[in-house]
Amino acid sequence: MTLLHQFLRLFIFPVFCIKCSQAIRYSSPLELCLFCLTELPLTNHFELQDNLMEQRFWGRIPFHRAGALFYFQKGEYIQQIIYRMKYGNGQAMGFALGRLLGQALKESADFKSVDYLLPVPLHPKKLLERGFNQSELICIGIQQAWDKAICTDLRRIKQTKTQTQMGRVERAKNLESAFSFKSNHPKETHYLLVDDVLTSGATIEACGEAILKVNPKARISMATLAFADLW
Ligand SMILES: [Zn+2]
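For what it's worth, the working numbering labels the leading residue of the sequence shown as 30, then goes sequentially.
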């Protein structure tokens, strides 16, 4: 950002923190002031084995490690930020959040062996509607902080119904054969599945299953921006 831009931003088009409404005096793609940025509810999952996110996948799918960057609570500003990424200022916010996630992953010894970032894919029709896949934006952001390649071998071949009102069994049924995986990577490749918010985990689990069906020796880890309590 040039000095002129900073001047314009400060005096003509001031940007306000979405949490505390204070004017932001520097470039902030997350639309948060420095104070509110440091107040974001970090989970410390990447340093913590057997964390809450991993517990959610116990007994469902074999995996190496899993973690989310933030706790997600309905009505809290982390929800606002993710909503804005999906429906508003998508790109800049997705990259910025991805960079934060990438930094946390890079600092964790347990994720060092990851070979590829694998964004949870959208169905082509949904992609056309939205214009971008938020998981891909997050992966590009991760790459800016952590030097890992992005794998695009996973596809969403079935459009699924909205899952918010479904129980776990219904979700799994809804997602059955929703994803297809085709890849030339070596057998023991370690994939990091990336998504925005983890709720039931059914989507990311279905992605993992699609990979393991084709390559049972693959290693799967999972990372999301936020981890939601099941309400
Ligand atoms: Zn603030």
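Quick reminder that beta carbons are idealized off the backbone N, C-alpha and C, glycines included. All values reported here derive from a predicted model rather than from experimental measurement.
Considered as a whole, the segment 115 to 203 harbours 119 to 135, 153 to 159 and 163 to 174 as its complete alpha helix (DSSP H) runs of no fewer than 4 residues, in chain order. Remark: the shortest separation between the CB of F101 and any heavy atom of ligand 1 does not fall under 8 Å.
With a contact defined as Cβ atoms closer than 8 Å, C180 and Y220 qualify at about 6 Å. In this structure, DSSP gives G237 a helical state, which the three-state scheme calls helix. Annotation: G160 to L166 spans about 11 Å, alpha carbon to alpha carbon. Per DSSP, the continuous beta strand (DSSP E) segment holding L98 begins and ends at A95 to F101. Taking a cut-off of 8 Å for Cβ pairs, the segment 237 to 252 and the segment 82 to 93 touch, as three or more such pairs fall below it. According to the DSSP secondary-structure assignment, F256 is paired through a beta bridge with Y100 and L227. DSSP places H214 outside both helix and strand once states are collapsed to three, so it counts as coil.
Taking a C-beta distance under 9 Å as the contact criterion, L126 and L147 do not qualify as a contact pair. Between S250 and V149, the gap from beta carbon to beta carbon reaches 9 Å or more. For F86, the enclosing alpha helix (DSSP H) stretches over residues L81 to F86.
Assigned with DSSP and collapsed to three states, I47 falls in coil, not helix or strand.
Contact between E68 and I47 does not hold, since their C-beta atoms are separated by about 12 Å, which reaches or exceeds 8 Å. A distance criterion of 8 Å places the beta-carbon of S50 in contact range of ligand 1, judged by its closest non-hydrogen atom. Distances from the CB of C236 to the heavy atoms of ligand 1 are all 8 Å or more. For K242, same chain residues with a beta-carbon under 6 Å away, outside a window of 5 residues either side, do not exist. In the three-state DSSP reduction, F92 falls in the coil class, being neither helix nor strand. In this structure, F75 and L129 do not form a Cβ contact; the two beta carbons are roughly 12 Å apart against a cut-off of 8 Å. The beta carbon of F140 sits no closer than 8 Å to any heavy atom of ligand 1. Assignment of L63 by DSSP, reduced to helix, strand and coil, places it in the helix class. A52 is bridged by DSSP to F45. When only Cα atoms are considered, N118 and L66 end up about 17 Å apart. Secondary structure of L222 (DSSP, three-state): strand.
Only exposed fits D176, as fewer than 16 other CB atoms lie within 10 angstroms of its CB.
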